[in-house]
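Accompanying notes for the structure given below.
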Amino acid sequence: MTGIFLNLCFACRSPWEPPSPVLDPTVVLQTTKIKYQRQIAELKDLSGVLAYHIIELNTILKAKETELEVQRTRLASLQGQVSELEGQHQQLRGQMKGLGRGNSAVKLEYDALRDCYRCRECELRREVERSQELTESLVRKKAKAAEYKNYQNERFKRAKHDELFRQLKKVTNETISIDIGPEEVKPAKGKGPSQDFTKLEDCEKPGKRPFRSSSATSMTIARCVDVFKGLFDYRLKRGNSVSSRLESSYCYVPACVVACLPSFISDIQEAHLSEVNAVKFCPSSTMLATGGTDKLIKLWNVVGGRLESVRTLEGANGSITSIEFDPMGCQILAASYNKAVQLWKIEDCKSRETLTGHTDKVTAAKFRSTRYQAVTGSRDRTVKEWDLGKGAYRDAQEAGMSLADL
């Protein structure tokens, strides 16, 4: 402001004038007065303009101060927000460091678990291979055991056959005397060995004489064995069987005439040396299988209400508890007291498979829908499903109680 005023003062001064000649003092004074009045008026105008400018500048200054105060207030709030955000940033950075440490620990644990999983997977692969090898070895051992058992059974049967052959050879070489009495033998109504004996007596009626049978000498040894074996089997059956008068005829008619509840005993056989634990018909009902504590399974033909012994399955290592035919009637599955189940083929009477895996005696054995799968139950409270092709069980389930049947 002082600089502006000085500039105005210097501007109001008139330029240098040369000294004028001496004038009247009154005129000079009047002229000077007018000149200074003019300068004063200019200064007043200038001061008014300056005052207006000062007022405007004060207004602008107040507005700036107000704006500055607003900016300061906003800056303070922003500084508070910045401080808060810095705190959050520090907190998040701490959380990030904690999460980084946690991730590192989790990664280390994951790596350890992955290594453990790989080790377990390798062990599992080795155990699976080992179990397959053991299963194959067990199957081979079972096959060898079955072959050895069948070989022993064949040796036993061959020894019995040789003994019978020697006895029959001795009998065929002896002289037979026949005494024919005066009484005539009446032929039986039914078919059987009595008719053959009657025809033989009718042909040899002339008298009593010792002779050697020409039929016996002309027959081969094998034929003699079959004939005598049939006669002995028939006599044993007739001696051990008990039947009523209405069933005296021996009829080979495998047909169902009537179905009703049994009212009398059709036939009784001394099948086993001790108790009979299992009895089962084949699917066609033409064959009956019995098993007992003598470790034998006997097969019987059901003909005319009577039982004819057909085969004997040997080789079981324990008392038989359950018998089951396959759907085709070609195989027999038998459970036993020695914690095992054995599979026989009826055609050759040989043990095909021995299923082991139960920890107590096996009480039930059944075929499934096919002859290649079976289910067994045991006193160890487990039910096992078997693959008969591999000779190993596929699944085992807890039954919660001892099983007597399936």
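Residue numbers (numbering that gives the first Met the number 0): 0 to 405. By construction, the Cβ of each residue, glycine as well, lies at the ideal position given by its N, Cα and C atoms. Values in this document were obtained by computation on a predicted structure and should not be read as measured data.
Cβ of residue i within 8 Å of any chain B Cβ
i, result
"I54", "In the displayed structure, chain B is absent; only one protein chain is listed."
With 16 other Cβ atoms within 10 Å as the buried cut-off, status of residue i
i, result
"G97", "exposed"
"Q29", "exposed"
"K430", "In this structure the chain extends from 0 to 405, so residue 430 is not present and cannot be described."
"C348", "buried"
"E346", "exposed"
"M400", "exposed"
"L123", "exposed"
"R305", "buried"
"A270", "buried"
"I296", "buried"
"K338", "buried"
"G376", "buried"
"K63", "exposed"
"A373", "buried"
"L112", "exposed"
"A333", "buried"
"K141", "buried"
"L298", "buried"
"K188", "Low local confidence applies: a pLDDT of 41 at K188 is under 50, so the model's placement there is unreliable, and no value is given."
Residue j beta carbon less than 8 Å from that of residue i
i, j, result
"K290", "N152", "The sequence given here has Gly at residue 290, not Lys. No; because the gap between Cβ atoms is not below 8 Å, this pair is not in contact."
"A391", "I331", "no"
"S318", "K294", "yes"
"R378", "E384", "no"
"R367", "M327", "no"
"L312", "W343", "yes"
"S308", "T320", "no"
"R351", "A145", "yes"
"V138", "K389", "yes"
"K360", "F324", "no"
For residue i, the three-state DSSP class (helix, strand or coil)
i, result
"R71", "helix"
"A398", "coil"
"A339", "strand"
"L295", "coil"
"P253", "Because P253 sits at a pLDDT of 48, beneath the cut-off of 50, its placement in the model cannot be relied upon, and the following sentence gives the value as read from the coordinates. Reduced to three states, the DSSP call for P253 is coil."
"G2", "With a pLDDT of 48 at G2, under the threshold of 50, the modelled position of this residue cannot be trusted, and the question is left open."
"F366", "strand"
"T285", "coil"
"A315", "coil"
"W385", "strand"
"A373", "strand"
"A272", "The sequence as given places Leu at residue 272; Ala does not occur at that position. DSSP places L272 in coil when its eight states are reduced to three."
"I53", "helix"
"S262", "coil"
"I322", "strand"
"D349", "Strictly speaking, residue 349 in this sequence is Lys, with Asp absent from that position. The answer is strand: DSSP assigns K349 an E or B state."
"A403", "coil"
"I33", "helix"
"I39", "helix"
"D23", "coil"
"I267", "coil"
"N172", "coil"
8 Å contact criterion, which residue i and residue j should meet: CB distance rounded
i, j, result
"V382", "A364", "That pair is no contact at about 11 Å."
"T358", "Q341", "Going by Cβ atoms, the distance from T358 to Q341 rounds to 18 Å, so no, they are not a contact pair."
"L402", "T362", "6 Å"
"A395", "I322", "With 8 Å as the limit, A395 and I322 do not qualify as a contact, their Cβ atoms being about 23 Å apart."
"T292", "S273", "5 Å"
Residue i - partner residues in DSSP beta bridges
i, result
"G290", "A277, I296"
"L137", "Answer is none; L137 lacks a bridge partner."
"T355", "A339"
"Q330", "K344"
"Y392", "W385"
"L306", "V301"
"V48", "Looking at the DSSP assignment, V48 forms no beta bridge with any residue, so it has no partner."
"V361", "S377"
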